[in-house]
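Below is one structure; the comments refer to it alone.
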Amino acid sequence: GALRWLLPALLLGAPSQGCDVEPFCFDNCGEEDAGVVVVDAGRPDARPEDGCVASGEESCNRIDDDCDGLVDEGFDVLTDPRNCGACEAECVLPGAFPGCAEGECTVDSCEIGFHDLDGNPTNGCEYECPPSGPELCDERDNDCDGAIDEGFDLETDLAHCGSCGNACAFANASASCVAGACVMGECNAGFVDLDTDPATGCELRCAGDGGAERCNRIDDDCDGTVDEGFDLGGDPANCGACGRACSFPGAVPGCTAGVCDIARCMDGRVDLDGDPATGCEYVCTPTGGVDDCDGVDDDCDGAIDEADPVVGTACGSTTGICARGVSSCQLGAIVCVGGVGPVAETCNGDDDDCDGRTDESTAGAPIPGVGDRCGATNVGRCAFGELACTMGALECGGSFVGPIAESCNGIDDDCNGATDDGLTPPAAGSVASCAEDRGVCAGRVPSCRGAGGWGCDLPASYQADESLCDGLDNDCDGTDDEGCLSPAGSDRRLDTHVAASAQNSLSVALAGDGADRVYAAWMEVSDDAHIYFARSTNGGGTWSSPTRLDSAGGPALGPALGAQDGGDDVVGVWSDFRGGESYREIYTRHSSNAGTSFGSNVKANALGETATRDSFGVDVAVSGANVYVVFEAFETNRRRQVYLTRSTDRGQSWSTPVQLSTPTGTSFVAATPQVAASGSRVYVVWRDNRNGALDVYLRRSTNSGASFAAEQRIDTGDAPGSHGSVTPAVAAEGDNAYVVWVDDRDGGSLDIYVNRSADAGASWLASAVQLDQDAFPHDSIGPAIVAPSPGRAVVAWVDFRSGFPDILSVVSDDAFASFSTPARLDTGTDPGASASNAVALHADGDLVGAAWSDDRNGFLDVYANFSLDGGATWQPQDYRMDSSALGTSDSKNPAVHVGGGRLHVAWIDHRAGGSCPSPDGPSCPNGDVYYRRLQ
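Oh and the sequence shown: position 574 is 581 in the numbering used here, straight run, nothing missing.
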């Protein structure tokens, strides 16, 4: 049968069923039951009926506590320190946390403060030692390794020499540890071990160098005694004190009881005065002879030559100037004194050499000076001469010229090397060129002009004709700034027929009759676009209400004005979309009474091919009764051409337009025409693309536009079409014609060029002239030109050479054979400090006016400047024309007209309107026409 294992059980009278067990069997009860085996989870179980009663979890007690047929299962007596080697054999080790290995007790770890030094598990962690860190030399086992103060060399360690904490140190000396004993080494610099006692170290501070002792109040040999071995009582080198050396001139010094004295005189020296302070002051060596006249103190008594027998006897001659005297010893020689002896002959009227002759000069014995060059100098007017003896005196004769007082004559009169120097100027009123003392001429002091005598220069600020408005009387006539202009009153609105900024006003133009009448025209965006006109008959003092010029629905665009100098005729010109047509037509309106009233609208291009073509971009010129209008027009193939129409009756009727540009190619565009007229000469200029890039072309007429000569290319100096030339402008005066434009021929920037003709446009310069010359490339744009007088032309433009754009101008008086250095017109700011643009230019005789817009105050304002001398001089300050609050809104696109001694400026101004300020700032979207003048 199978072996059945029974769990121990307490049998309390339970009947036995199926097997016999011993009563009270509690340990390893087991019985074979033949043929009966109960298996649970692969293990035979003991059942109560088998005599095993479960008592809980299995314990290591050699009993089957859980009746699973196994005794003490789950306990490892090989590794369990509580049951090590056998159940209930607990490992207890002193000072240690025990472990069990192979059934033997081991030390798993030591308790804090205990250490297992011997490796014997039976006595646990037998070494009690609280650790305190790395080992220190303090007679304690700091690192608890069983050794005390290990790692410290008490034989050589300076900090622990012989024993812990015994540090080797000696005052002012180095130290070492040798065989556990402190040994003193070298003394520190400046210290000496005088007593050889290590306990006191190097106790003597000594500044000496250790060499031989010197008498200097220093212990040089560092023996503790200062200056030993020196006799201060008898040593002349250290008499009474170290370094006090005895010294007497010419003597050997001595020292007695610490006081300097003379031991003896040196050879050749005598102490004549007995004063030690002067030493042996007398240089003398006794000769032993008589003290005769030999210049030697033979007896060294301080008196020289005092015993010569010749002294006191008579001597000398009585001839000439000579007289007898007495012998005397002087400077070691017998001389005759008290008498007069011969001397070299001089020019004095006497027989100086006592030879019986007076003032003789011979080759062997010349009189001093005779024949010598005389005179102080030959500078200036002076000349040297020769000395001659005359009447007992030397006189300079021959070619001698001497100095005289300096005067203003261009000659060095006083012969000092400077001409006209040291002079006192006469009163200014006594000199003709200095007499004027008014204005900038005041306060002048006459200056010497050499041969020209006294005179005065005119100051740098002088102008023969006053043209600089600087608050000075530049022409010295007693009046400041005569002829100068200044802003008159405040600016005023011209488009008063509508509320301020109710409609947008654009493209203002100005003209005048050269006197008091001034005309303005502009485009007003009301209903559609219309052209309005206003006039002033009193030089801009008051203005009429606006008059509408276009009579149909419009829109009407781009007005231009022409007015007759000295006459009553005014012509307005514009392009017009009237009648619902899809193309613009050129319309005009004429007034014969200075704008008081106007005739009907007249279509200027009613005849010819442009009558039904889109025509625009007008410009107008007036010469006498002739009015010339140029414009652009599209052809049916969309090419653009330049046309001219003229009126010979002051603008009342118009000729058939003449095409001036020559069509070439389907993409030909001629644009931006400008016209100028002088007498019967008419010049039309434009730019077109016939050669590729844009070139400037011109046609001229010498018969008031009845016919025109062939086209001429004006932007000469480079190959046609090689560079772009744009925005041409033209001016004419007599036979002189001028064209300016913007040109990019240098490839790096835009520049201003000019060409000119002096023969009514028949010939032009072979190479155009650049006006905006500068050392550095920069852009220049927007040129304008006027020709105020014969041969004179003025050009102004926008120039970027200094940063932000400035307005620059040049003037030429010889039809641009030469021209001035560019001058700034926007003088109210530093160069390049603000943006000045859109310059307008006009002239009437010598009065030239310019206006532009400038953002120096944040927004655009309109500024003006003027020249009173035909563009040669501009004012040192520019003039703000718009009188709105400074820098609060834009004022721009000024037009300028000069006439009647006044400068008239009109512009588009955005200061007012119901939508001000706009979301983008204080400037309104709509503009008004404003006007102001300088007078």
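The C-beta atom is built at its ideal place from N, Cα and C for all residues, glycine as well.
Reduced DSSP category for residue i - H, G, I as helix; E, B as strand; rest coil
i: C448; result: helix
i: N944; result: Residue 944 falls outside the range modelled here, since the chain spans only 8 to 942, and no answer is possible.
i: P205; result: helix
i: R688; result: strand
i: P283; result: helix
i: R939; result: strand
i: G404; result: strand
i: E616; result: helix
i: P932; result: coil
i: G424; result: coil
i: G192; result: strand
i: V585; result: The question names Val, but residue 585 in the sequence shown is Arg. In this structure, R585 counts as helix in the three-state DSSP scheme.
i: C455; result: strand
i: C441; result: helix
i: G429; result: coil
i: A467; result: coil
i: V640; result: One detail in the question is off: residue 640 reads as Ala in this sequence, not Val. Reduced to three states, the DSSP call for A640 is strand.
i: G241; result: coil
i: G728; result: coil
i: G436; result: helix
i: V505; result: coil
i: A567; result: strand
i: G490; result: coil
i: S674; result: coil
i: S841; result: coil
i: W661; result: coil
i: S607; result: coil
i: W693; result: strand
i: T880; result: coil
i: S708; result: strand
i: Y590; result: coil
i: F33; result: Note that F33 scores a pLDDT of 43, beneath 50, so its modelled location is shaky; the value from the coordinates is reported in the next line. DSSP places F33 in coil when its eight states are reduced to three.
i: Q510; result: coil
Contact belief for residue i with residue j at Cβ below 8 Å, rounded distance in angstroms
i: T365; j: G356; result: 6 Å
i: R697; j: A767; result: With a Cβ gap of about 25 Å, R697 and A767 do not count as contacting.
i: A717; j: R763; result: Actually they are not in contact, since the Cβ atoms of A717 and R763 sit about 19 Å apart, beyond 8 Å.
i: L848; j: V801; result: 7 Å
i: G197; j: C213; result: 7 Å
i: G519; j: G906; result: 4 Å
i: C67; j: F82; result: 4 Å
i: L165; j: A182; result: 6 Å
i: V649; j: E642; result: Contact doesn't hold; Cβ gap of about 12 Å is too wide.
Cross-strand partners of residue i (DSSP beta bridge)
i: D419; result: Paired residues: none, contrary to the question.
i: W748; result: Y760
i: H273; result: The question names His, but residue 273 is Met in the sequence shown. Per DSSP, none; premise fails for M273.
i: H597; result: V578
i: A628; result: Y635
i: G573; result: The partner list for G573 (beta bridge, DSSP) is empty, contrary to what the question assumes.
i: W957; result: Here the chain comprises residues numbered 8 to 942, so residue 957 is not present and cannot be evaluated.
i: F121; result: E135
i: H917; result: In DSSP, H917 forms no bridge with anything.
i: Q648; result: A640
Near the ligand PLP: residue i beta-carbon under 8 Å from a heavy atom
i: F540; result: Within the structure as shown, the ligand PLP is missing, as the structure has no ligands at all.
Neighbour flag for residue i against chain C, beta carbons, 9 Å
i: D916; result: Included in the structure is just one protein chain, with no chain C present.
Considering only residues of the segment 319 to 395, which uninterrupted alpha helix (DSSP H) runs meet the minimum length of 4 residues and lie entirely inside it, listed in chain order?
-> none
Quick one: any contact between the segment 466 to 478 and the segment 499 to 518, if contact means 3 or more CB pairs under 8 Å?
-> no
Uninterrupted beta strand (DSSP E) stretches inside the segment 763 to 838 (no shorter than 3 residues) = 787 to 796, 799 to 806, 813 to 819
Is it a yes or a no for the segment 869 to 882 touching the segment 843 to 859, going by three-plus beta-carbon pairs under 8 Å?
-> yes
Ignoring anything shorter than 3 residues or poking outside the segment 148 to 190, list the beta strand (DSSP E) runs there in chain order.
-> 180 to 185
Taking contact to mean at least 3 C-beta pairs separated by less than 8 Å, is the segment 482 to 496 in contact with the segment 556 to 572?
-> no
Between the segment 135 to 147 and the segment 115 to 123, do at least 3 Cβ pairs fall closer than 8 Å?
-> yes
Should the segment 703 to 723 be regarded as contacting the segment 741 to 756, the criterion being three or more beta carbon pairs within less than 8 Å?
-> yes
Inter-stretch contact at 8 Å, needing at least 3 Cβ pairs: the segment 568 to 578 / the segment 621 to 631 = yes
Touch check for the segment 836 to 851 and the segment 439 to 447: three-plus C-beta pairs under 8 Å?
-> no
Do three or more CB pairs link the segment 608 to 622 to the segment 678 to 686 at distances below 8 Å?
-> no
Which runs of the beta strand (DSSP E) spanning at least 3 residues fall entirely within the segment 290 to 314, listed in chain order?
-> none
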